[in-house]
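Each remark here refers to the structure printed beneath this line.
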Amino acid sequence: MTALLFPVPTVEEVQWYFTGTRWGPAVFILGYAALTLTPVPKNVLSIGAGVVFGAAGGVGVVVVAALLGASAAFWLGRWLGREAVENYTGARVGRLDEVLRRRGVGAVVGVRLVPVLPFTAINYLAGLTSVAWWPYLLGTALGILPGTVSYVTLGAFGRQFGWQVQAAAAVLGLLILAGLVVAVRKRRKGAERV
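Going by my numbering, the residue at position 113 of the sequence shown is 131; the numbering climbs one at a time, nothing skipped.
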């Protein structure tokens, strides 16, 4: 309906708004960070960052925005407390707390690399666990890089189907495959316990 009432800007107009003004990148970062607090798919925003800022600039903007949003959700989870968030997420908090307690940064990297849990849920859940903020932030930064680079690259080079898009698609495919392997193993392990 909005598209009928208001003209849809061209890619060039959107690029100018975010890169041709002093506040454009900050507006994008704050908007992305705010949406990180909600279950909106961040991959679409990352692709958009690639279209608007290019590959290198897009990765930088997305990493800053994602870490800002992930930190806000982490601290919001701490502030709300475990009981309030468990109403939203179920029993996942206890399991995640145990894994993070034992493996720290490596566990955060693993949870981020293998997209088994939604990004937003991980952010809130991590705030309810015993993991400290710095290891969480470092693990998040390392864990989101492959997916971020892939999605931003798709946005930056998607209109010219070159090696960059093929490499980005291959990395995304591997991440999805790894997620499926983990999910199947987890399901089999759960079936063996019954």
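No residue lacks a Cβ here, since even glycine has one placed at the ideal position from N, Cα and C.
Given the structure is predicted, the values throughout are model-derived calculations rather than measurements.
Measuring C-alpha to C-alpha distances from glutamate 30 to each of Val79, Gly72, Arg121 identifies Gly72 as the nearest. Secondary structure at arginine 100: helix, using DSSP grouped into helix, strand and coil. Per the Cβ contact rule, the segment 47 to 66 is in contact with the segment 78 to 96 (3 or more Cβ pairs under 8 Å). DSSP places glutamine 178 outside any alpha helix (DSSP H), giving it a letter other than H or E. Between the alpha carbons of glycine 68 and serine 148 lies a gap of roughly 35 Å. The three-state secondary structure of valine 58, taken from DSSP, is coil. When the alpha-carbon of alanine 185 is set against those of Ser168, Gly75, Leu193, Val200, the nearest one is in Ser168. Leaving aside the five residues that flank tyrosine 35 on each side, the residues in its chain whose CB is nearer than 7 Å to its CB run, in chain order, Gly42. Out of Tyr50, Gly191, Asp115, the CA that lies nearest to the CA of valine 132 is found in Gly191. With contacts defined by Cβ atoms closer than 7 Å, valine 189 and proline 164 form a contacting pair.
Along the segment 119 to 159, the alpha helix (DSSP H) occurs as fully enclosed runs of 4 or more residues at 137 to 145, listed in sequence order. Under the DSSP assignment, phenylalanine 36 falls in the alpha helix (DSSP H) whose first and last residues are 29 to 37. Taking 7 Å as the cut-off, the beta carbon of alanine 196 is found no closer than this to the beta carbon of glycine 76. By the 16-neighbour rule on beta-carbons within 10 angstroms, glycine 38 is exposed. Comparing alpha carbon positions, the residue from Arg206, Gly66, Ile194 closest to proline 136 is Ile194. One thing to note: arginine 100 has its Cβ within 7 Å of the Cβ of leucine 146.
By alpha-carbon distance to leucine 55, the top candidate from Ala44, Ala91, Ala125 is Ala91. Going by C-alpha positions, valine 26 is about 48 Å away from arginine 119. In the three-state reduction of the DSSP assignment, proline 25 falls in the coil class.
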